[in-house]
Ligand SMILES: [Zn+2]
Ligand SMILES: [Zn+2]
């Protein structure tokens with residue numbers, strides 16, 4: 005199992021592809037391509053790691069858009085549907101997102117004390133779940149593994165506290 009670090013901003017071409025994909029989805033939904041919608045995609049693509057919807061709202065605001073909250077919240081389901089973002093932490097009260105476009109698939113270990121999120125790729129999981137899906141006649145389109153526990157440093161502080 006190897007931890008996988010985020011790669012940061014996508015190269016220009018990949019980012020253009022992502023914006024194009026988003027524009028196609030807007031078109032399919034009869035939604036207009038507005039400056040703020042394009043700004044939301046670009047802000048999302050330049051995010052590194054795992055982030056909340058409100059952090060994205062903040063980024064869009066920093067680009068000079070007034071009160072973008074409602075627009076960002078309405079855009080998130082579209083970003084998920086177009087495969088630009090994926091939900092990361094879906095259990096617990098914190099909901100996080102991350103860029104999926106142009107990124108290798110990975111899953112997450114989550115500390116339920118401090119919220120640390122560790123990314124991992126583990127081919128055996130991937131193989132097992134393909135077998136499992138096949139056995140049940142499923143064609144997999146997505147999956148989210150979230151392994152919840154207590155990280156090493158929280159275990160360490162617990163030992164010192166007791
Ligand atoms: Zn922890
Ligand atoms: Zn991740």
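Numbering (my numbering), first residue to last: 5 to 166. The beta-carbon is built from N, C-alpha and C at its ideal position, and this holds for glycine as well. Bear in mind the structure is a predicted one, so any value in this text is a computation, not a measurement.
Beta-carbon proximity check, residue i vs residue j, cutoff 8 Å
i, j, result
"residue 26", "residue 52", "no"
"residue 134", "residue 119", "no"
"residue 69", "residue 88", "no"
"residue 93", "residue 84", "no"
"residue 82", "residue 114", "no"
"residue 110", "residue 124", "yes"
"residue 57", "residue 80", "yes"
"residue 23", "residue 43", "no"
Residue i, enclosing beta strand (DSSP E) - first and last residue
i, result
"residue 158", "Careful: residue 158 lies outside any beta strand (DSSP E), inside the alpha helix (DSSP H) at 156-165."
"residue 113", "111-115"
"residue 61", "Counting along the chain, residue 61 falls outside any beta strand (DSSP E), though it belongs to the alpha helix (DSSP H) covering 57-66."
"residue 103", "101-103"
Where residue i falls: helix, strand or coil (DSSP)
i, result
"residue 152", "strand"
"residue 91", "strand"
"residue 123", "strand"
"residue 69", "coil"
"residue 79", "helix"
"residue 27", "helix"
"residue 137", "helix"
"residue 19", "helix"
"residue 34", "coil"
"residue 146", "coil"
"residue 130", "helix"
"residue 85", "helix"
6 Å Cβ shell around residue i - same chain, five flanking residues per side excluded
i, result
"residue 19", "49"
"residue 37", "27 and 30"
For residue i, the first and last residue of its enclosing alpha helix (DSSP H)
i, result
"residue 49", "39-49"
Neighbourhood of residue i by C-beta, 7 Å cutoff - its chain only, sequence neighbours within 5 removed
i, result
"residue 21", "none"
"residue 71", "none"
8 Å CB neighbourhood of residue i in its chain, flanking five on each side removed
i, result
"residue 91", "84, 99, 100, 101 and 148"
Mind listing which residues have their beta carbon within less than 7 Å of any non-hydrogen atom of ligand 2? Chain order is fine. 54, 92, 102, 110, 112, 121 and 123
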